[in-house]
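Structure first, commentary second.
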Amino acid sequence: DVKVTQSSRYLVKRTGEKVFLECVQDMDHENMFWYRQDPGLGLRLIYFSYDVKMKEKGDIPEGYSVSREKKERFSLILESASTNQTSMYLCASSSFLGGGGFRANVLTFGAGSRLTVL
Amino acid sequence: AQKITQTQPGMFVQEKEAVTLDCTYDTSDPSYGLFWYKQPSSGEMIFLIYQGSYDQQNATEGRYSLNFQKARKSANLVISASQLGDSAMYFCAMREGLDTNAGKSTFGDGTTLTVKP
């Protein structure tokens, strides 16, 4: 069964700590994404990557960075965690079928990482 | 302006009845895709159905169908014969620029559906 695996389901960190959220996919997908989900705000894109070592800012990149050294792994980094970064973080991946073919860019999601910053 | 608007924060439906979840979108790109995802209480997002901007017919996947009205920029999800397991949050999403790889999907705020027995 194809999967996107997020390393931690629940994390509790203190303000100012450096936080790493890891995401691994086994589908050989080119694209990987980090979203955060907050009640009433839906999913907001933080960063995405369409190739190894490539990254693009999403809608809310401030306070975050990412790393993609290998195709299957996409890491989200909070350099200095703050309380307003308490949230559910969702990693997703997708393939590119080209030409907008059927189900192009369907996202496969991980189970999510719920981060609490105290 | 929001690119994806879901105007119903919460919906109730009786078991075995049909329900429509609304979604309107905003884009000037002629090539886009519309998606619906389901998020049960367990948290994992599940893909339900897809509609491409050039598709002539409305998409269907089992009990799910997408009522695509391009001129109105709406892509409502219809669930027929609701089941208790359909209780979840539902998200509408749009991917613009399907002819390029470096694209992103934008999500609405979601609709929480509760199916009553």
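Chains P and C are the protein sequences, given in the same order.
Counting from 20, one number per residue, gives the positions in the first sequence under the working numbering.
Counting from 3, one number per residue, gives the positions in the second sequence under the working numbering.
All residues carry an ideal CB built from backbone N, CA and C; glycine is no exception.
Amino acids of chain C, ordered along the chain, whose beta-carbon sits closer than 8 Å to that of residue i
{"i": "residue 52 of chain P", "result": "106, 107"}
{"i": "residue 125 of chain P", "result": "37, 49, 52"}
{"i": "residue 109 of chain P", "result": "47"}
For residue i, three-class secondary structure by DSSP
{"i": "residue 103 of chain P", "result": "helix"}
{"i": "residue 88 of chain C", "result": "helix"}
{"i": "residue 9 of chain C", "result": "coil"}
{"i": "residue 78 of chain C", "result": "strand"}
{"i": "residue 133 of chain P", "result": "strand"}
{"i": "residue 32 of chain P", "result": "strand"}
{"i": "residue 119 of chain P", "result": "Because residue 119 of chain P sits at a pLDDT of 47, beneath the cut-off of 50, its placement in the model cannot be relied upon, and the point is left open."}
{"i": "residue 57 of chain P", "result": "strand"}
{"i": "residue 63 of chain P", "result": "strand"}
{"i": "residue 55 of chain C", "result": "coil"}
Cβ pair residue i, residue j closer than 8 Å
{"i": "residue 112 of chain P", "j": "residue 135 of chain P", "result": "no"}
{"i": "residue 79 of chain P", "j": "residue 39 of chain P", "result": "no"}
{"i": "residue 45 of chain P", "j": "residue 98 of chain P", "result": "no"}
{"i": "residue 27 of chain C", "j": "residue 6 of chain C", "result": "yes"}
{"i": "residue 80 of chain C", "j": "residue 116 of chain C", "result": "no"}
{"i": "residue 137 of chain P", "j": "residue 56 of chain P", "result": "no"}
{"i": "residue 87 of chain C", "j": "residue 8 of chain C", "result": "no"}
{"i": "residue 31 of chain P", "j": "residue 129 of chain P", "result": "no"}
{"i": "residue 85 of chain P", "j": "residue 69 of chain P", "result": "no"}
{"i": "residue 19 of chain C", "j": "residue 119 of chain C", "result": "no"}
{"i": "residue 133 of chain P", "j": "residue 33 of chain P", "result": "no"}
For residue j and residue i, believed in contact at Cβ under 8 Å, the rounded distance
{"i": "residue 91 of chain C", "j": "residue 114 of chain C", "result": "5 Å"}
{"i": "residue 78 of chain C", "j": "residue 25 of chain C", "result": "6 Å"}
{"i": "residue 35 of chain C", "j": "residue 54 of chain C", "result": "5 Å"}
{"i": "residue 94 of chain P", "j": "residue 41 of chain P", "result": "5 Å"}
{"i": "residue 37 of chain C", "j": "residue 62 of chain P", "result": "At roughly 12 Å, the Cβ-Cβ gap does not stay under 8 Å, so residue 37 of chain C and residue 62 of chain P are not in contact."}
{"i": "residue 57 of chain C", "j": "residue 98 of chain C", "result": "With 8 Å as the limit, residue 57 of chain C and residue 98 of chain C do not qualify as a contact, their Cβ atoms being about 16 Å apart."}
Beta-carbon neighbours of residue i, restricted to chain P and to distances below 7 Å
{"i": "residue 112 of chain C", "result": "61"}
{"i": "residue 97 of chain C", "result": "124"}
Interface residues of chain P facing residue i [CB-CB closer than 8 Å]
{"i": "residue 46 of chain C", "result": "128, 129, 130, 131"}
{"i": "residue 93 of chain C", "result": "61, 62"}
Beta carbon proximity, residue i to chain D, threshold 8 Å
{"i": "residue 30 of chain P", "result": "In the structure shown, chain D cannot be found, because the protein chains are P and C."}
Could you please tell me which residues of the segment 55-86 of chain P, in chain order, have their CB closer than 7 Å to any CB of chain C? Residues of the segment 55-86 of chain P with a C-beta less than 7 Å from any C-beta of chain C: 59, 60, 61, 62, 64, 67, 69, 75, 77, listed in chain order.
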